[in-house]
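Undergrad: Using this note's numbering, you'd call the opening residue of the sequence shown number 179 and step up by one each time.
First, the structure itself, so that you have it in front of you.
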Amino acid sequence: MPIPEDVTGEEIDKDVRQELQSLPKTLADDVAKNLVMVARLIDEEPERAYAYSKVALRLASRVAAVREAAGFAAYANQKYSEALAEFRAARRMTGAVELWPVMADCERGLGRPEKALDMAGAPEVHKLDKAGQVEMRLVAAGARRDMGQLDAAIVTLQSPELASNSVQPWTARLRYAYADALLAAGRDSEAREWFAKAVEADRDGSTDASDRLAELDGVEFVDALDEDAADAEPGEGKGDGQD
């Protein structure tokens, strides 16, 4: 896989760089560059990110950060069985619990919401930081919805973090999930309120809460290009083959 000239490998986190110090320097640099590409592409071009992760994995499968990156790349491509295997490998190497929520979400992706709920009640959850605990709550609520338990999903999301007026990195997604669950349960007015609260917290556009809110309000967006095309005269803008 080609690596752009502007990628040096120095862009990765220092903790990952430290992990790579167990490798020969040239190999460590190559792995680092591939990990940079994974991080750079995973949101917009997940298939390419996955390809780079496979290169890194081939070069350094015994490095936990590489297994973790491979897991996230597989997860982004909905390869949940592969993602879960990589996350488990990374966790065995480090003993850390940070991957627990995404591992549970892989179980959901594999059609095993009951297993995800079992993980949500495991002792590992108490070792997660606040962000991890919120993520686990989101996964558990999703598992409840997978099982058709809408009311239970709503209750699962009701928490001090949801009620707080403080905006944290997870706030928009938590409010959005709550609004979406309310809407699925037919509680439209409450859903509208929470989609509006999600919009307030969504400073980086991580959700489509504004679109969902507009939809509930009956606002229709018209593509300007489509509108211009409709207003154009028949044949306008097309050559007729004559000079």
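Idealized CB from N, CA, C, for every residue including glycine.
If I measure Cβ to Cβ from Leu340 and keep anything under 8 Å in the same chain, skipping five residues before and after, which residues do I get?
TA: Mapped onto the sequence shown, residue 340 falls at position 162. So the qualifying residues of the chain are Leu352, Arg353, Tyr356.
Undergrad: Please return the same chain residues whose Cβ sits closer than 7 Å to the Cβ of Val194, not counting the five positions on each side in sequence.
TA: Here residue 194 is taken as the residue at index 16 of the sequence shown, counted from 1. Excluding residues within five positions, the ones whose Cβ falls inside 7 Å are Leu213, Ala243.
Undergrad: Under a Cβ-count criterion, where at least 16 other Cβ atoms within 10 Å of its own Cβ denotes burial, should Ala362 be classed as buried or exposed?
TA: By 1-based counting over the sequence shown, the position of residue 362 is 184. Exposed.
Undergrad: For Pro224, count the other beta carbons within 10 Å of its own beta carbon; 16 or more makes it buried, fewer makes it exposed. Which is it?
TA: Numbered from its first residue, the sequence shown carries residue 224 at position 46. Pro224 comes out buried.
Undergrad: Measure the alpha-carbon distance for Val216 versus Ile332 and round it to whole angstroms.
TA: The sequence position of residue 216 within the sequence shown is 38, counting from 1. The sequence position of residue 332 within the sequence shown is 154, counting from 1. One C-alpha to the other measures close to 35 Å.
Undergrad: Classify Gln311: buried if its beta carbon has 16 or more other beta carbons within 10 angstroms, exposed otherwise.
TA: On the sequence shown, position 133 is the one that residue 311 refers to. So Gln311 ends up on the buried side.
Undergrad: Would you kindly check if the distance between the Cβ of Leu201 and the Cβ of Ala238 is under 7 Å?
TA: Taking the sequence shown and counting its residues from 1, one reaches residue 238 at position 60. Taking the sequence shown and counting its residues from 1, one reaches residue 201 at position 23. Contact: yes.
Undergrad: Where do the ends of the alpha helix (DSSP H) carrying Met281 lie?
TA: Here residue 281 is taken as the residue at index 103 of the sequence shown, counted from 1. Counting along the chain, the alpha helix (DSSP H) containing Met281 begins and ends at 278 to 287.
Undergrad: Quick check: the Cα distance between Val317 and Ala274, rounded to an integer number of angstroms?
TA: Reading the sequence shown from its first residue, position 139 is the one you call residue 317. Reading the sequence shown from its first residue, position 96 is the one you call residue 274. Taking the straight line from one Cα to the other gives about 19 Å.
Undergrad: Can you look up Thr385 in the DSSP assignment and give me helix, strand or coil?
TA: Taking the first residue of the sequence shown as position 1, residue 385 is located at position 207. In the structure shown, Thr385 sits in coil (DSSP, three-state: anything other than H, G, I, E or B).
Undergrad: Does the beta carbon of Ser337 fall short of 6 Å from some heavy atom of the ligand MG?
TA: As far as ligands go, the structure on display features none, and thus does not contain the ligand MG.
Undergrad: Quick one: grab the DSSP three-state call for Glu414.
TA: Numbered from 1 along the sequence shown, position 236 holds the residue referred to as residue 414. A caution first: Glu414 carries a pLDDT of 48, below 50, which makes its placement in the model unreliable, though a value can still be read off. Here Glu414 sits in coil by DSSP.
Undergrad: Look at the Cβ atom of Ala350, then the Cβ atom of Ala379, and state whether they are nearer than 7 Å.
TA: If you number the sequence shown from 1, residue 350 lands on position 172. If you number the sequence shown from 1, residue 379 lands on position 201. In contact: Ala350 and Ala379 (Cβ atoms closer than 7 Å).
Undergrad: Along the chain, which unbroken stretches of the alpha helix (DSSP H) at least 4 residues long are found entirely within the stretch 308 to 391?
TA: Fully enclosed alpha helix (DSSP H) runs of 4 or longer: 308 to 324, 328 to 335, 338 to 341, 349 to 362, 366 to 379.
Undergrad: What do you get for Ser231, buried or exposed, if any count of 16 or more other CB atoms within 10 angstroms of its CB means buried?
TA: What you label residue 231 is simply residue 53 of the sequence shown in a count that begins at 1. Ser231 should be labelled buried.
Undergrad: Which same chain residues, not among the five before or five after Ala252, have their C-beta less than 7 Å away from its C-beta?
TA: Working through the sequence shown from its first residue, we reach residue 252 at position 74. Correct list, in chain order: Tyr228, Glu260, Ala261, Glu264.
Undergrad: Measure the C-alpha to C-alpha separation of Met325 and Glu285 and round it to an integer number of angstroms.
TA: Your numbering for residue 325 matches position 147 in the sequence shown. Your numbering for residue 285 matches position 107 in the sequence shown. Computed Cα separation, rounded: 13 Å.
Undergrad: Spatial neighbours of Val233 within its chain, please: CB distance less than 8 Å, with the 5 preceding and 5 following residues excluded, ordered by chain position.
TA: By 1-based counting over the sequence shown, the position of residue 233 is 55. Contacts found: Met179, Asn212.
Undergrad: In or out: Gly320 buried (at least 16 other Cβ within 10 Å) or exposed?
TA: In the sequence shown, the residue the question calls residue 320 occupies position 142. Gly320 should be labelled buried.
Undergrad: Could you give the distance in angstroms between the alpha-carbon of Met297 and the alpha-carbon of Phe373?
TA: In the sequence shown, residue 297 corresponds to position 119, counting from 1. In the sequence shown, residue 373 corresponds to position 195, counting from 1. Those two C-alpha atoms are separated by around 28 Å.
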